[in-house]
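Trainee: So this note's numbering is basically just the index in the sequence shown, starting at one, shifted up by 4.
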Amino acid sequence: MLEQNQYTEDNIRSLDWKEHIRMRPGMYIGKLGDGSAPDDGIYILLKEVLDNCIDEFVMGSGKTIEVSIKDKTVTVRDYGRGIPLGKVVDVVSKMNTGGKYDTKAFQKSVGLNGVGTKAVNALSNYFRVESVRDDKQKAAEFSAGNLVQEEDVVDTTKRKGTKVIFTPDETIFKNYKFRLEYVIKMVKNYCYLNNGLTIIFNGEKYYSENGLRDLLEETINEEDLEYPIIHLKEHDIEVALTHSKTQYSEEYHSFVNGQNTTQGGTHLAAYREAVVKTIREFYNKNFEASDVRKSIVSAISIKVMEPVFESQTKTKLGSTDMGSDDGTPAVSVRTFVNDFIKTKLDNYLHKNPATAEALLRKILQAERERKELSGIRKLATDRAKKANLHNKKLRDCRAHLPDTKNPRNLESTLFITEGDSASGSITKSRDVNTQAVFSLRGKPLNSYGMSKKIVYENEEFNLLQAALDIEDGLEKLRYNNIVIATDADVDGMHIRLLLITFFLQFFPELIKEGHLYILQTPLFRVRNKKETIYCYSEEERKDAIEKLKPKPEITRFKGLGEISPDEFKNFIGDTIRLDPVMMDKHTSIEQLLSFYMGKNTPDRQDFIIKNLKVEIDELEEI
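#1: With a 10 Å radius around its C-beta and 16 neighbouring C-beta atoms as the bar for buried, classify A358 as buried or exposed.
#2: Can you give the beta carbon distance from V308 to N261, rounded, assuming they're within the 8 Å contact cut?
#3: Sort V436, L49 and S455 by Cα distance to G627 and report the nearest one.
#4: Going by CA-CA distance only, name the one from V124, V95, K98 and V93 that's closest to T79.
#5: Return the chain-ordered ranges of every beta strand (DSSP E) run that is complete within the segment 508-571 and spans a minimum of 3 residues.
#6: Classify L184: buried if its beta carbon has 16 or more other beta carbons within 10 angstroms, exposed otherwise.
#7: What distance in whole Å lies between the Cβ atoms of H271 and V337, which are believed to be in contact at a cut-off of 8 Å?
#8: Contact check, D141 vs V157 under 8 Å by CB: the rounded distance?
#9: Can you give me the C-alpha to C-alpha distance between Y452 and R365, rounded to a whole angstrom?
#10: Tell me which same chain residues have a C-beta within less than 8 Å of the C-beta of D610, skipping the five on either side of it?
#11: Looking only at its own chain, which residues have a Cβ that is under 6 Å from the Cβ of I204, when we skip the five neighbours before and after it?
#12: Give me the Cα-Cα distance between T282 and I241, rounded to the nearest whole angstrom.
#13: Just reading off the beta strand (DSSP E) that L418 is part of, what are its end residues?
#14: Per DSSP, S65 is paired with what?
#15: Starting from the C-beta of D325, find all residues in its chain whose C-beta is less than 7 Å away, skip the five residues before and the five after it, and write them out in chain order.
#16: Alpha carbon to alpha carbon, how far is P526 from V279? Give it in angstroms, no decimals.
#17: Counting only runs of 4+ residues fully inside the segment 120-162, write out the alpha helix (DSSP H) ranges in chain order.
#18: Give the single residue among K348, S429 and E463 whose Cα lies nearest to the Cα of I380.
#19: Taking T166 as the reference, which of F146, T246, L219 and I58 has the closest Cα?
#20: Are at least three pairs of beta-carbons, each pair with one atom in the segment 503-522 and one in the segment 474-483, less than 8 Å apart?
#21: Taking the C-alpha atoms as reference points, what is the distance between I613 and Y211?
#22: What's the gap between the Cα of E23 and the Cα of F170?
#23: Please return the same chain residues whose Cβ sits closer than 7 Å to the Cβ of L502, not counting the five positions on each side in sequence.
#24: Got a sec? Which residues, its chain only, sit under 7 Å from P311 by beta carbon, not counting five neighbours each side?
#25: DSSP on T265, reduced to helix/strand/coil?
#26: Counting C-beta neighbours from all protein chains within 10 Å, is the total for P606 16 or more, i.e. buried, or is it exposed?
#27: Taking the straight line between their C-alpha atoms, what separation do you get for L514 and A273?
#28: So, at 7 Å on beta carbons, what are the nonlocal neighbours of Q469 in its own chain, with the 5 sequence-adjacent residues on each side left out?
#29: Would you mind stating whether N437 and R399 have Cβ atoms separated by less than 9 Å?
#30: Does DSSP put A403 in a helix, in a strand, or in coil?
#31: Please check the pair L236 and A303, which I expect to be a contact at CB under 8 Å, by giving their CB distance rounded to whole angstroms.
#32: If you run the structure through DSSP and keep just helix, strand and coil, what is H239?
#33: Examine chain C for any beta-carbon lying closer than 9 Å to the beta-carbon of F340, and answer yes or no.
#34: Please report how far the alpha carbon of E535 lies from the alpha carbon of L564, in whole angstroms.
#35: In whole angstroms, give me the CA-to-CA distance for S258 and G268.
#36: Using a Cβ-Cβ cut-off of 6 Å (strictly less than) and excluding sequence neighbours within five positions of G149, which residues of its own chain qualify?
Next up, the structure:
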């Protein structure tokens with residue numbers, strides 16, 4: 005008889021706080037990642053440290069924060085009140101120790117649970133904290149949460165405040181690198197939300213005069229504005245909104261107590277509802293909600309007493325009321341946002357007839373386009389329903405982004421592959437819990453200059469839209485990462501271009517929000533009897549040959565279909581390499597697409613000739 009697994013007292017363990025954080029990092033910082041996505045763990049570590057500095061600023065201490073990232077080490081210095089010297093070690097290494105439980109010291113703060121810096125400490129192989137108060141300094145150093153050195157209190161002439169230096173642990177964050185674009189975006193967001201705050205990042209100063217208005221100006225090109233940005237502000241709430249001329253879908257940036265709630269929450273739902281309600285009442289017309297919100301680009305920030313978030317990473321607000329600091333009955337988030345928009349937006353439209361006129365034109369245009377599409381949409385929706393029952397191009401996974409109860413929802417990934425051989429390799433070697441595969445049949449259509457109609461008429465695009473579930477905006481987006489996995493040859497590059505064109509044309513916010521990536525695939529395999537190294541560039545190949553000499557076997561991969569499923573596991577597992585597709589705000593989508601995908605042949609020919617690189621396979625003597 006088989007021995008049964010025994011479940012006794014010996015099976016029950018109590019983990020030390022450090023062990024728990026290191027064993028289950030996802031509970032504290034969301035997903036791990038390698039730095040290729042803006043919500044990867046290494047940025048959450050930086051955010052947790054910065055949040056404490058911001059709380060100091062909000063409480064009126066320290067107008068400047070200095071941040072620097074050199075290689076893999078992060079330094080953050082604020083000029084706030086400094087951690088009380090007797091508690092410097094406790095605050096970064098004792099769970100549930102913090103100053104935010106006492107709401108009087110920190111009203112409407114961000115740090116709530118006393119977890120943030122402890123998680124940073126436990127997940128760093130080097131962590132140093134220094135606090136200066138009343139001309140005295142106290143410092144301590146840790147490694148993986150263990151105290152390595154505690155320095156005595158010494159006299160100092162340094163300015164008061166706190167300095168934290170940390171290096172994320174490479175055994176937890178594999179092959180990571182800080183992408184400065186993401187850090188800059190985070191730093192700018194902090195400045196938009198905190199007027200009067202200066203953040204110096206790697207020597208560059210960031211400061212915002214006009215809060216969320218500056219954020220929208222950063223997000224959308226001036227020539228793309230349907231009407232000037234509407235900027236409304238009051239105690240505990242700020243809103244900026246406009247409509248885009250070229251974008252199809254809705255785009256929102258939402259914040260609570262300075263936290264970027266990327267998944268929205270109760271305040272964003274209330275805001276979307278309030279905008280529609282106010283505009284209907286202003287024009288006295290019962291518009292469709294989707295027509296009012298089509299192409300909207302907007303930002304909302306609110307401050308809530310003791311907010312309730314749906315996870316430690318604070319990406320979605322769950323609070324239903326605003327809280328109260330003076331004993332008066334608390335008003336609900338929905339009522340608060342509704343009342344503000346109803347009064348302020350209505351007044352603004354009355355005072356600015358030109359904006360009101362432009363907005364009306366935009367809504368009527370959206371209505372016309374919707375009616376034109378309605379017939380074809382119905383056909384396509386019926387087709388998509390059938391497809392969803394049996395989407396022949398999609399091999400789905402179990403975890404999806406909207407499923408917030410699934411701890412792995414942020415890992416959900418859709419690989420878009422070309423041809424059967426590549427998709428076969430990926431399908432066999434993928435993690436069926438978090439990785440789905442969508443297979444293209446050859447080259448997709450060049451959608452440049454076409455109307456939204458094509459998305460419904462073209463079967464492939466329609467099935468891709470159905471697989472992602474983004475017809476009505478990013479609300480229901482099913483996968484957090486969309487990865488284009490094509491061969492690294494000319495055809496593969498062309499398919500990448502065509503897919504990026506499709507997303508830029510119809511779903512640019514997918515790229516703006518950092519969901520689109522390109523899979524890096526190895527060009528060479530270098531191995532001897534003991535070790536195999538996959539190389540992604542010529543330099544890596546040379547290093548591998550050097551390492552495995554005297555006579556390693558070198559294989560060049562021509563395409564994804566050549567790589568066996570067993571090998572493919574290595575490229576889409578923990579060590580996956582992804583290049584994010586990023587968009588520079590200063591480049592208009594229209595100009596970009598017309599250059600690469602339009603009919604400006606001579607210009608493009610000149611560009612290609614100037615940038616042409618010829619690859620020569622050299623025979624090397626080994």
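Here a beta-carbon is modelled for each residue, glycine too, at the ideal position from N, C-alpha and C.
Mentor: According to the structure data:
#1: Looking up residue 358 in the sequence shown gives position 354. Exposed.
#2: Along the sequence shown, one-based indexing puts residue 308 at 304. Along the sequence shown, one-based indexing puts residue 261 at 257. Indeed, because the Cβ distance is near 6 Å, the residues count as touching under 8 Å.
#3: Not covered by the structure: residue 627. The range shown for the chain is 5 to 626.
#4: Position 75 of the sequence shown, counting from 1, holds the residue named residue 79. Among V124, V95, K98 and V93, the Cα nearest to that of T79 belongs to V124.
#5: 520-523, 528-531, 536-539 and 557-560
#6: Taking the first residue of the sequence shown as 1, we reach residue 184 at position 180. Per the 10 Å Cβ criterion, exposed.
#7: Position 333 of the sequence shown, counting from 1, holds the residue named residue 337. Position 267 of the sequence shown, counting from 1, holds the residue named residue 271. With 8 Å as the limit, V337 and H271 qualify as a contact, their Cβ atoms being about 5 Å apart.
#8: Within the sequence shown, the letter at position 137 stands for residue 141. Within the sequence shown, the letter at position 153 stands for residue 157. Note on identity: in this sequence residue 141 is Gln, with Asp being the wrong assignment. At roughly 7 Å, the Cβ-Cβ gap stays under 8 Å, so Q141 and V157 are in contact.
#9: Stepping through the sequence shown from its first residue, residue 452 is reached at position 448. Stepping through the sequence shown from its first residue, residue 365 is reached at position 361. Taking the straight line from one Cα to the other gives about 25 Å.
#10: As a position in the sequence shown, residue 610 is number 606, starting the count at 1. Within the same chain, D610 has no close Cβ partners at all.
#11: Reading the sequence shown from its first residue, position 200 is the one you call residue 204. Answer for I204: E70, listed in chain order.
#12: Translated into the one-based positions of the sequence shown, residue 282 becomes position 278. Translated into the one-based positions of the sequence shown, residue 241 becomes position 237. One C-alpha to the other measures close to 17 Å.
#13: Sequence index remark: in the sequence shown, residue 418 carries index 414 (1-based). Run containing L418: T417 to E422, per the beta strand (DSSP E) assignment.
#14: As a first step, residue 65 is located in the sequence shown; it is residue number 61 there, counting from the start. S65 is not bridged to any residue.
#15: For the purposes of this step, residue 325 is taken as residue 321 along the sequence shown, with counting starting at 1. Only A334, V335, S336 and V337 meet the Cβ criterion.
#16: The residue you call residue 279 lines up with position 275 of the sequence shown. The residue you call residue 526 lines up with position 522 of the sequence shown. V279 and P526: Cα-Cα distance of roughly 49 Å.
#17: Segments of the alpha helix (DSSP H) lying fully in the segment 120-162: 120-126.
#18: By 1-based counting over the sequence shown, the position of residue 380 is 376. Measuring from the Cα of I380, the nearest candidate turns out to be E463.
#19: Counting from one through the sequence shown, the residue named residue 166 turns up at place 162. Ranking the options by Cα distance to T166, first place goes to I58.
#20: At 8 Å Cβ cutoff, the stretches touch.
#21: Position 609 of the sequence shown, counting from 1, holds the residue named residue 613. Position 207 of the sequence shown, counting from 1, holds the residue named residue 211. Each residue's alpha carbon lies about 41 Å from the other.
#22: Your numbering for residue 23 matches position 19 in the sequence shown. Your numbering for residue 170 matches position 166 in the sequence shown. Distance between the alpha carbons of E23 and F170: 18 Å.
#23: Walking along the sequence shown from the start, residue 502 turns up at place 498. The answer, listed in chain order, is K447, P448 and N450.
#24: The residue labelled residue 311 in the question sits at position 307 within the sequence shown. So the qualifying residues of the chain are V260, N261, L321 and S323.
#25: Residue 265 sits at position 261 when you count from the first residue of the sequence shown. Here T265 sits in coil by DSSP.
#26: Taking the first residue of the sequence shown as 1, we reach residue 606 at position 602. With fewer than 16 other Cβ atoms within 10 Å, it is exposed.
#27: Counted from its first residue, the sequence shown places residue 514 at position 510. Counted from its first residue, the sequence shown places residue 273 at position 269. In this structure, the CA atom of L514 is about 20 Å from the CA atom of A273.
#28: Stepping through the sequence shown from its first residue, residue 469 is reached at position 465. Shown here for Q469: same chain residues with a beta carbon closer than 7 Å to its own, the five before and five after excluded, namely V459 and E475 in chain order.
#29: For the purposes of this step, residue 437 is taken as residue 433 along the sequence shown, with counting starting at 1. For the purposes of this step, residue 399 is taken as residue 395 along the sequence shown, with counting starting at 1. Against a cut-off of 9 Å, the Cβ pair of R399 and N437 comes out as no contact.
#30: As a first step, residue 403 must be located in the sequence shown, where it is residue number 399. DSSP places A403 in coil when its eight states are reduced to three.
#31: As a first step, residue 236 is located in the sequence shown; it is residue number 232 there, counting from the start. As a first step, residue 303 is located in the sequence shown; it is residue number 299 there, counting from the start. In this structure, L236 and A303 do not form a Cβ contact; the two beta carbons are roughly 11 Å apart against a cut-off of 8 Å.
#32: As a working note, residue 239 is residue 235 in the sequence shown. In the structure shown, H239 sits in coil (DSSP, three-state: anything other than H, G, I, E or B).
#33: Here there is only one protein chain, and chain C is not present.
#34: If you number the sequence shown from 1, residue 535 lands on position 531. If you number the sequence shown from 1, residue 564 lands on position 560. Spanning the two alpha carbons is a distance of roughly 22 Å.
#35: Here residue 258 corresponds to residue number 254 of the sequence shown, with the count starting at 1. Here residue 268 corresponds to residue number 264 of the sequence shown, with the count starting at 1. Distance between S258 and G268, taken at the CA atoms: about 6 Å.
#36: The sequence position of residue 149 within the sequence shown is 145, counting from 1. Contacts found: K22, N125 and A126.
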